[in-house]
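*Asks:*
Protein chains: 4
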Amino acid sequence: MGDKEIRVPKQKRSIEKKQRIKDAAIKLMSEKGYHSTSSNEIAKEAGVSIGTFYSYYKDKKDLYKELVADIYDVVITPMNLSEDSDNLSIEETVYLYIETVFKGHEYETAFQREIASLSEQSDEFREIEMVHKKGLTQMFISVLSAYKDELKVKDLKTTSYLILTTVEAAVHDTMFHNGGKNKKAVIRELTAMIVGYLF
Amino acid sequence: MGDKEIRVPKQKRSIEKKQRIKDAAIKLMSEKGYHSTSSNEIAKEAGVSIGTFYSYYKDKKDLYKELVADIYDVVITPMNLSEDSDNLSIEETVYLYIETVFKGHEYETAFQREIASLSEQSDEFREIEMVHKKGLTQMFISVLSAYKDELKVKDLKTTSYLILTTVEAAVHDTMFHNGGKNKKAVIRELTAMIVGYLF
Amino acid sequence: MGDKEIRVPKQKRSIEKKQRIKDAAIKLMSEKGYHSTSSNEIAKEAGVSIGTFYSYYKDKKDLYKELVADIYDVVITPMNLSEDSDNLSIEETVYLYIETVFKGHEYETAFQREIASLSEQSDEFREIEMVHKKGLTQMFISVLSAYKDELKVKDLKTTSYLILTTVEAAVHDTMFHNGGKNKKAVIRELTAMIVGYLF
Amino acid sequence: MGDKEIRVPKQKRSIEKKQRIKDAAIKLMSEKGYHSTSSNEIAKEAGVSIGTFYSYYKDKKDLYKELVADIYDVVITPMNLSEDSDNLSIEETVYLYIETVFKGHEYETAFQREIASLSEQSDEFREIEMVHKKGLTQMFISVLSAYKDELKVKDLKTTSYLILTTVEAAVHDTMFHNGGKNKKAVIRELTAMIVGYLF
DNA sequence: AATGAATGAGCCTTCATTCAT
DNA sequence: TATGAATGAAGGCTCATTCAT
Numbered sequence: 129m130g131d132k133e134i135r136v137p138k139q140k141r142s143i144e145k146k147q148r149i150k151d152a153a154i155k156l157m158s159e160k161g162y163h164s165t166s167s168n169e170i171a172k173e174a175g176v177s178i179g180t181f182y183s184y185y186k187d188k189k190d191l192y193k194e195l196v197a198d199i200y201d202v203v204i205t206p207m208n209l210s211e212d213s214d215n216l217s218i219e220e221t222v223y224l225y226i227e228t229v230f231k232g233h234e235y236e237t238a239f240q241r242e243i244a245s246l247s248e249q250s251d252e253f254r255e256i257e258m259v260h261k262k263g264l265t266q267m268f269i270s271v272l273s274a275y276k277d278e279l280k281v282k283d284l285k286t287t288s289y290l291i292l293t294t295v296e297a298a299v300h301d302t303m304f305h306n307g308g309k310n311k312k313a314v315i316r317e318l319t320a321m322i323v324g325y326l327f
Numbered sequence: 129m130g131d132k133e134i135r136v137p138k139q140k141r142s143i144e145k146k147q148r149i150k151d152a153a154i155k156l157m158s159e160k161g162y163h164s165t166s167s168n169e170i171a172k173e174a175g176v177s178i179g180t181f182y183s184y185y186k187d188k189k190d191l192y193k194e195l196v197a198d199i200y201d202v203v204i205t206p207m208n209l210s211e212d213s214d215n216l217s218i219e220e221t222v223y224l225y226i227e228t229v230f231k232g233h234e235y236e237t238a239f240q241r242e243i244a245s246l247s248e249q250s251d252e253f254r255e256i257e258m259v260h261k262k263g264l265t266q267m268f269i270s271v272l273s274a275y276k277d278e279l280k281v282k283d284l285k286t287t288s289y290l291i292l293t294t295v296e297a298a299v300h301d302t303m304f305h306n307g308g309k310n311k312k313a314v315i316r317e318l319t320a321m322i323v324g325y326l327f
Numbered sequence: 129m130g131d132k133e134i135r136v137p138k139q140k141r142s143i144e145k146k147q148r149i150k151d152a153a154i155k156l157m158s159e160k161g162y163h164s165t166s167s168n169e170i171a172k173e174a175g176v177s178i179g180t181f182y183s184y185y186k187d188k189k190d191l192y193k194e195l196v197a198d199i200y201d202v203v204i205t206p207m208n209l210s211e212d213s214d215n216l217s218i219e220e221t222v223y224l225y226i227e228t229v230f231k232g233h234e235y236e237t238a239f240q241r242e243i244a245s246l247s248e249q250s251d252e253f254r255e256i257e258m259v260h261k262k263g264l265t266q267m268f269i270s271v272l273s274a275y276k277d278e279l280k281v282k283d284l285k286t287t288s289y290l291i292l293t294t295v296e297a298a299v300h301d302t303m304f305h306n307g308g309k310n311k312k313a314v315i316r317e318l319t320a321m322i323v324g325y326l327f
Numbered sequence: 129m130g131d132k133e134i135r136v137p138k139q140k141r142s143i144e145k146k147q148r149i150k151d152a153a154i155k156l157m158s159e160k161g162y163h164s165t166s167s168n169e170i171a172k173e174a175g176v177s178i179g180t181f182y183s184y185y186k187d188k189k190d191l192y193k194e195l196v197a198d199i200y201d202v203v204i205t206p207m208n209l210s211e212d213s214d215n216l217s218i219e220e221t222v223y224l225y226i227e228t229v230f231k232g233h234e235y236e237t238a239f240q241r242e243i244a245s246l247s248e249q250s251d252e253f254r255e256i257e258m259v260h261k262k263g264l265t266q267m268f269i270s271v272l273s274a275y276k277d278e279l280k281v282k283d284l285k286t287t288s289y290l291i292l293t294t295v296e297a298a299v300h301d302t303m304f305h306n307g308g309k310n311k312k313a314v315i316r317e318l319t320a321m322i323v324g325y326l327f
C-alpha cells in the first residue's frame, strides 16, 4: 500500500542530485534549524522539484538520518585511536583524543549543533544519533583498558562515561558557543584534568 | 499600531490565572516539547481562553522566556555557595556544588531538558538562558578565588569555564538521559576529578 | 495528543455557518463526486476559511458522515409505515412504501447517487450508510410480519431482502439514471410484481 | 501538438505486455479501488516502465475503459439465451438467465464491484459501462417477445427494464455484499417472483 | 520502442494570532 | 477584562504525466 519506492541513485547525475539535496539541507538546517526548514525549501535550494526530493527520501526525517550518518562517517571514523595509541603515552593518547574530537567538531559545526539540539529534544532523534555514537564509546573503553594496571581509578565504566561526557561537552561548548576562541587553552587544561584524574 | 497592550496582573485572581498558564505550559512542553505544544492547547489546559493567553503574553516565545526565568530563580538562586563555604574545605565545597547542581536538575527535569534543547537550537533561545546562567559563573569564580593560593592551576578563567561546563554536562546527561541512575557514582568521581585537577 | 477539539456550534451564526459548509459540500460532491471535491474547495464555496472547516469537522470523511446522517434523517424517518398501515390493504401498503422510497430519492438526488457510489466503493463508506439503512429493513420486516398468515412465501428473511433490494434498485435506477421519466409505470409494475409474489 | 501517438501492439511481445498491464490493473483496482491505484503502481506491478504504460494508454481512464470492455466480453457475450431458450419453458428460461447473471458476477467479482461504483459516480464512467450493457437488454427483450401471447403483462418495455434491474441488483448485492452466501435462496425466490409476475 | 527520472499542481491539515462581541 | 470563533499562510506529501536519453 504505502510502500513508496525510494530511488537509490546509481548514475552520476542522480548521485550529484542527491548530494545537492543533502548540501542544501545541511545549509538550511544549519542556518534555521530542522523544524524551520521545510522540505519544499530544501528542494528549491537544491534546484530540484519537491517530487524529486520525495523520490530520494521517504520524508524529512529520513533525510536527516542520512545527514547524521554522513556526519558521523566523516567525524568519527578517523578517530581510530587504538591503532596509533600503541606507541603513545597515556598523556599523548588523551591529548590526541581531545584534539580529534575538536577536529570532528570543525566539520559542519553549525549542523552538528543542530544534531545536538534535536538529540536533546526527543528520544527519537537521540536514538538516531546514538546509533552512530555507540562505536566511539566502545573504542574509548578499549583504549583505557590497555592502561588498566597503571590507573588509579577503579570504576572504569563511570570513568569512561565521565571523560567522554566531559570532553564532548567542553569541545561542544567551545566550538558551538564560543566560536573556538579558547580552543588551545581548553585542550591543555582538559588534558591536565583528565590525566591528573586517571593517575 | 501593533503595540499590543500586555497586561501585568496585579489582582490575586489574575496572578493565579497567569500561574495556571505557566503550569500548563511547563506540563505540556515537558511532555511534548516546545514546538509540538500549541498556544491553544496551553490555554485549554490552563482553563483559560486563548484571548486571555494573548493578553498576558505577546506570543509563545514571550511565555517561554518567563518560564526560563522562573526555573532559574528556583534552581540557581539557592546556590549561594559563598555563604556556606567559609567553613568548608575545598573538597567539601566542590562536593556541595555538584550536589546543588544535581538538586537543581531534579526540579522540572523534563522542562529543563527542553530548555537545553532550545538553547542549543538557536542563539535567540540560548541568550534567554544565558542571561540567567551568568550569575552562576560569577559566583563560582569568586568562590574559587578564595582558594587562590592553594590552587595548582593558573588560568583561573579557563579552569572555571571547564569545571562549570563539565559539571553541567555530567549532571545534565546523568539526569536527562540516564534517569539519574548512576548519580552517586558520578558525584564521587566528578568530585575526585575536579579536586585532583585543582590541587 | 492529536485530540483536536471539534467545535459544536450553539449560536445561531455558527449553526448557519456549519449549514453553509454542508450545503456547499452537498452541492460540490453532487457535481463532482466526493473524491474530486477538496476540503479547501468546500470551505471556499461555503464562504468560510479552511480553518473554520477543520474546527467543525475532523476531516472530509467526518463531514461526509454527517451529510449521510442528515440525508437519512430526511429520507427515512418519515417512512413510518407501521403507523399508517393498520387500515390499509397489503397492496396499498406496498404501493405506499414504493412511493415513499421514490419520494426519498427526490431529495438531493445527485448526492444520494454519490452515497450509493461510495458505498459500492469501499466497505468503510458502506458501513457509514448501513448504520442508517438498518432501521428501514427492520421496519419493513415488522410490517410484513403482520400479514404473515396471508402470505404465500415462507422464507420471510430472503423475501424481505429481495423486495428491499428490488425496490431500492428500481427506484434508484429510475431516479438516478433515467431522470424519473418512467416513474409512474415503474411504481405500477413494481407493485404488481411484489404483490403477485407475496400472495 | 498534444496528439500523443498511442501504439496499437501487433507483435506478440507487445500484446503480452499490454495484457500484463491489464492484469496488474485489475488486480490492484480490485484490491484498492480505481482512485487509490496509481498508474506508476500499475506499471510496476506489470513489470513495465511508466513510459511504456503511457505509450499504450492515453491515460488511466483509457485503460479503465479497456478493462470494462474486456469484462463485458467475458461476462455478457456468453449470455446468449435466445439460442438455448427454444426448447425451454419460460420458467426454465428465467432460471437460466438468473443463473447466468450470477455466473457473470463470479468472474472478477471485486473488479466488477469497482465498475459498479464508478458507474454510479459519474456519467462518464456510466456511459463506458452502458455501451456494453445495452446488448444484454436487447437480448432479453427479444427472448421475452417470444412468449408474448402467454404473458399477463402489457408494458413490455417497463417489464423488461424492471426485471433486468431487479435481477442485476439482487445478484449484485448477493455477490458483492453478502459474499454469495444466500445465492441459492435468492435464485429460487427471484425466479418465483419474476415468473409469478409474468404469468 | 522503452525507460524512469523529473516535474509541480494540488491535496489535506495545523496552528499562531486576531478581533468582534 | 475575557472570550473563542475565525483566519489563512504554510507545511508535508502524492501522483498523473512528460520527455530526454
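Protein chains in written order, with the working numbering: chain G, 129 to 327; chain E, 129 to 327; chain B, 129 to 327; chain A, 129 to 327.
We put the beta carbon where it would ideally sit given N, CA and C, even for glycine.
1. Could you have a look at D198 of chain E and say whether DSSP puts it in helix, strand or coil?
2. Look at the alpha carbon of L246 of chain G and the alpha carbon of L290 of chain G, and state the distance between them as a whole number of angstroms.
3. Just to confirm, are S167 of chain A and K188 of chain A a CB contact at a threshold of 8 Å?
4. Kindly list, in the order they appear in chain A, the residues whose Cβ is closer than 9 Å to that of H260 of chain B.
5. If you measure from the CB of G307 of chain B, is any heavy atom of the ligand HEM nearer than 7 Å?
6. Within a Cβ cutoff of 7 Å, which residues of the same chain sit near G130 of chain B, ignoring the five residues on either side of it in sequence?
7. Give the straight-line distance between the Cα atoms of T221 of chain E and D277 of chain E, rounded to the nearest whole angstrom.
8. May I ask you to report which of helix, strand or coil DSSP gives D251 of chain E?
9. How far does the alpha helix (DSSP H) with S166 of chain E in it reach, from first residue to last?
10. Within the same chain, show all residues whose beta-carbon is closer than 8 Å to that of F268 of chain E, passing over the 5 residues directly before and after it, in chain order.
11. Less than 8 Å between the beta carbons of F304 of chain A and R241 of chain A, yes or no?
12. Let me see if you follow: with CB-CB separation under 8 Å, is N310 of chain B close to chain A or not?
13. How long is the line joining the alpha carbons of E236 of chain G and I149 of chain A, rounded to whole angstroms?
14. If we call anything under 8 Å between Cβ atoms a contact, is E248 of chain B one with E248 of chain A?
15. Rounded to the nearest angstrom, what separates I178 of chain A and L191 of chain A at their Cα positions?
16. Could you tell me which of E:K262, E:A171, E:S158, E:T265 sits nearest to E133 of chain B, measuring between CA atoms?
17. Can you give the Cα-Cα distance for A238 of chain E and K311 of chain E, rounded to whole angstroms?
18. Is V229 of chain E closer than 8 Å to T286 of chain G when the C-beta atoms are compared?
19. Let me see if you follow: with CB-CB separation under 8 Å, is S250 of chain G close to chain E or not?
20. Taking the Cβ atom as the reference point for each residue, do E257 of chain G and I243 of chain G lie within a distance shorter than 8 Å?
21. On the criterion of 16 or more Cβ atoms from any shown chain inside 10 Å, does I322 of chain A qualify as buried, or is it exposed?
22. Identify, in the order they occur along the chain, each residue of the same chain with its Cβ nearer than 6 Å to the Cβ of P137 of chain B, setting aside the five sequence neighbours on each side.
23. Check each candidate in B:L264, B:G307, B:Y184, B:V299 and name the one with the smallest Cα separation from R316 of chain B.
24. Go through its chain and collect everything with a Cβ distance to Y162 of chain A's Cβ below 7 Å, but skip five positions before and after it.
25. Put R316 of chain G into one of helix, strand or coil per three-state DSSP.
26. Quick one: list the residues of chain E neighbouring T286 of chain G, beta-carbon separation under 7 Å, in chain order.
27. Please list, in chain order, all residues of the same chain as I204 of chain B whose beta carbon is under 6 Å from its beta carbon, the five residues on each side excluded.
28. Under a CB-based cut-off of 8 Å, is S245 of chain A close to chain B?
29. Say whether chain G places a C-beta atom closer than 8 Å to the C-beta of Y182 of chain E.
30. Mind checking A174 of chain G: buried by the 16 CB within 10 Å criterion, or exposed?
31. Round the Cβ separation of L318 of chain G and V295 of chain G to the nearest angstrom and send it over; I've been treating them as touching at under 8 Å.
32. Would you call V259 of chain G buried or exposed, if buried means 16 or more other Cβ atoms sit within 10 Å of its Cβ?
33. With distances taken Cα to Cα, identify the nearest neighbour of E227 of chain A among A:T302, A:S158, A:S183, A:F181.
34. Is the beta carbon of V271 of chain B less than 8 Å from the beta carbon of L326 of chain B?
*Replies:* From the atom records:
1. In this structure, D198 of chain E counts as helix in the three-state DSSP scheme.
2. Each residue's Cα considered, the two are about 22 Å apart.
3. Yes, the Cβ-Cβ distance between S167 of chain A and K188 of chain A is below 8 Å.
4. Within chain A, no C-beta atom comes nearer than 9 Å to that of H260 of chain B; the closest sits roughly 16 Å away.
5. Ligands are entirely absent from the displayed structure, and the ligand HEM is therefore not among its contents.
6. Summary for G130 of chain B: the model assigns pLDDT 47, below 50, so the residue's position carries little reliability; its value from the coordinates is reported in the next sentence. No residues qualify anywhere along the chain.
7. If I take the Cα positions, the gap works out to 16 Å.
8. In the structure shown, D251 of chain E sits in a helix (DSSP, three-state: H, G or I).
9. From DSSP, S166 of chain E is part of no alpha helix (DSSP H); its letter is neither H nor E.
10. Within the same chain, F268 of chain E has close Cβ partners L209, Y225, S288, I291, L292.
11. A contact, by the Cβ cut-off of 8 Å.
12. Chain A, which has a Cβ nearer than 8 Å to the Cβ of N310 of chain B, makes this yes.
13. So the alpha carbons of these two residues sit roughly 48 Å apart.
14. Contact: yes.
15. Using only the alpha carbons, I get a separation of about 13 Å.
16. Answer by Cα proximity: E:A171.
17. Going from the Cα of A238 of chain E to the Cα of K311 of chain E covers about 17 Å.
18. Contact: no.
19. So, interface residue.
20. Result yes, Cβ atoms of E257 of chain G and I243 of chain G sit closer than 8 Å.
21. Sixteen is the threshold: when 16 or more other Cβ atoms of the shown chains lie within 10 Å of the Cβ of I322 of chain A, as they do, the residue is buried.
22. Within the same chain, and ignoring the five residues on either side of P137 of chain B in sequence, the residues whose Cβ sits closer than 6 Å to its Cβ are I143, K146.
23. Taking only the C-alpha atoms, the option nearest R316 of chain B is B:V299.
24. Around Y162 of chain A, the same chain offers Y192, E242, L246 as residues with beta carbons nearer than 7 Å, after the five sequence neighbours per side are excluded.
25. Helix at R316 of chain G.
26. Per Cβ cutoff of 7 Å: N310, A313, V314, E317.
27. Taking C-beta separations shorter than 6 Å and ignoring five residues to either side along the sequence, the partners of I204 of chain B in its chain run L264, following chain order.
28. Interface with chain B (8 Å Cβ-Cβ cutoff): S245 of chain A is included.
29. Chain G, which has no Cβ nearer than 8 Å to the Cβ of Y182 of chain E, makes this no.
30. A174 of chain G should be labelled buried.
31. Taking the Cβ atoms as the reference, L318 of chain G lies roughly 7 Å from V295 of chain G, within the contact range of under 8 Å.
32. Residue burial annotation: V259 of chain G is exposed, with fewer than 16 other C-beta atoms found within 10 angstroms of its C-beta.
33. Checked all of A:T302, A:S158, A:S183, A:F181; the closest Cα to E227 of chain A is A:T302.
34. Result no, Cβ atoms of V271 of chain B and L326 of chain B do not sit closer than 8 Å.
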